[in-house]
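Student:
2 protein chains.
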Amino acid sequence: MLEEIDKNYKKSSLEQKYNIIKGNRYIMEEAIVPISKALKLPMDEVVDVFVKTCDGVSLYESHAYVEQAKMGCLGRKVDIDLGLCWIADFFGLISKKDADLIRRKVVEDTIIKKRPYKEALEEGRLLTVKILKGEE
Amino acid sequence: MLEEIDKNYKKSSLEQKYNIIKGNRYIMEEAIVPISKALKLPMDEVVDVFVKTCDGVSLYESHAYVEQAKMGCLGRKVDIDLGLCWIADFFGLISKKDADLIRRKVVEDTIIKKRPYKEALEEGRLLTVKILKGEE
Chain A
1 MLEEIDKNYK KSSLEQKYNI IKGNRYIMEE AIVPISKALK LPMDEVVDVF
51 VKTCDGVSLY ESHAYVEQAK MGCLGRKVDI DLGLCWIADF FGLISKKDAD
101 LIRRKVVEDT IIKKRPYKEA LEEGRLLTVK ILKGEE
Chain B
1001 MLEEIDKNYK KSSLEQKYNI IKGNRYIMEE AIVPISKALK LPMDEVVDVF
1051 VKTCDGVSLY ESHAYVEQAK MGCLGRKVDI DLGLCWIADF FGLISKKDAD
1101 LIRRKVVEDT IIKKRPYKEA LEEGRLLTVK ILKGEE
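As given, the protein sequences belong to chains A and B, one line each in that order. In terms of the working numbering, the first sequence has 44 at position 44, counting the first letter as 1, and numbering is strictly consecutive. Start counting at 1 in the second sequence, then tack on 1000, and there's your number in the working numbering.
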């Protein structure tokens, strides 16, 4: 009897979590879809992993995580696109502080100010060149 | 007189550094060219920055830096291509330790074992999916 209740409870908790995810367009579009694309995994399977790994509370909070994740991942892209990992981290041609500033500016312009990434990146590039030449 | 010697010394030191870089095909191909492409800056100007920023010793040592830089930058690319920044850093669907392992494997397969990046990435993807599903 207790086992049955437990089983039912677990089932309804899982269902609840499915519904939280499936009903949240933001989480679907901004987390499930990109992960599904990166891993070539059907969206349902990605939802499965989320349901099994995260508790209900962290799912409700995932809006905040998504913003953080987007900014963190875009920062890595800026590093590559502007070669910051070369010129700051390894060759020390500009300081890490300057690299952080450039990276943060491009990321914030794109995600918070909603400017096209290409435009924000171009500005970041000009700033990098200026710093590199000692003009800033 | 002393000023003149000093000026000549500086000039010949700069020239020496130019020659170290220009004469080193490895540094040219693996550092100057990618930075020049990322920043849309003529190669000569990138060499200028190196000459002004680095001392002679660090130029001689730059072979080691280039290897480190390549591995570090490729790691960032793996993070993006496999969505590791999402699933490990922000949603905690796999552990950071597992993410490090996957990233390192793809990077080492590509740079040290000289396997095509696409192949190494595909193996990394399969490993990620296995870990994500709790099969590994």
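The beta carbon of each residue, even a glycine, is placed where N, CA and C say it ideally should be.
Kindly indicate which three-state DSSP category residue 1055/B falls into: helix, strand or coil?
Tutor: Position 55 of the second sequence, counted from the start, is the residue given in the question as residue 1055/B. In the structure shown, residue 1055/B sits in coil (DSSP, three-state: anything other than H, G, I, E or B).
Student: Is there contact here, the stretch 59–71 of chain A with the stretch 1090–1103 of chain B, by at least three beta-carbon pairs under 8 angstroms?
Tutor: Yes, they touch.
Student: Out of curiosity, what's the CA-to-CA distance linking residue 1126/B and residue 1086/B?
Tutor: The residue you call residue 1126/B lines up with position 126 of the second sequence. The residue you call residue 1086/B lines up with position 86 of the second sequence. Rounded to whole angstroms, residue 1126/B to residue 1086/B spans 17 angstroms at the Cα level.
Student: Beta-carbon within less than 6 angstroms of residue 30/A's beta-carbon, same chain only, minus the 5 sequence neighbours each way: which residues are those?
Tutor: As a first step, residue 30/A must be located in the first sequence, where it is residue number 30. Excluding sequence neighbours, residue 30/A sits near 66.
Student: Within 10 angstroms of its Cβ, does residue 1083/B collect 16 or more other Cβ (buried), or is it exposed?
Tutor: Translated into the one-based positions of the second sequence, residue 1083/B becomes position 83. Buried.
Student: When you compare only the Cα positions, how much space is there between residue 77/A and residue 32/A?
Tutor: The residue you call residue 77/A lines up with position 77 of the first sequence. The residue you call residue 32/A lines up with position 32 of the first sequence. For residue 77/A and residue 32/A, the distance between alpha carbons rounds to 19 angstroms.
Student: Mind the definition here: the stretch 98–107 of chain A touches the stretch 121–136 of chain A only if three or more C-beta pairs lie below 8 angstroms; say whether that holds.
Tutor: A contact exists between the stretch 98–107 of chain A and the stretch 121–136 of chain A.
Student: Does the CB of residue 77/A have a neighbour CB from chain B at under 7 angstroms?
Tutor: Here residue 77/A refers to the residue found at position 77 of the first sequence. Residue 77/A counts as touching chain B.
Student: Relative to the alpha-carbon of residue 1102/B, which residue among 1124/B, 1118/B, 1119/B and 1117/B has its alpha-carbon at the smallest distance?
Tutor: Indexing the second sequence from 1 puts residue 1102/B at position 102. Ranking the options by Cα distance to residue 1102/B, first place goes to 1124/B.
Student: Name, please, each residue of chain A whose Cβ falls closer than 7 angstroms to the Cβ of residue 1128/B.
Tutor: On the second sequence, residue 1128/B is found 128 positions in, with the first residue counted as 1. Here the neighbours are 39.
Student: Is there a Cβ of chain B sitting closer than 7 angstroms to that of residue 49/A, yes or no?
Tutor: In the first sequence, the residue the question calls residue 49/A occupies position 49. Judged by the 7 angstroms Cβ criterion, residue 49/A is in contact with chain B.
Student: So, at 8 angstroms on beta carbons, what are the nonlocal neighbours of residue 104/A in its own chain, with the 5 sequence-adjacent residues on each side left out?
Tutor: Working through the first sequence from its first residue, we reach residue 104/A at position 104. Answer for residue 104/A: 75, listed in chain order.
Student: Which term fits residue 1112/B, buried or exposed, when burial requires 16 or more other beta carbons within 10 angstroms of its beta carbon?
Tutor: Counted from its first residue, the second sequence places residue 1112/B at position 112. Classification for residue 1112/B: exposed.
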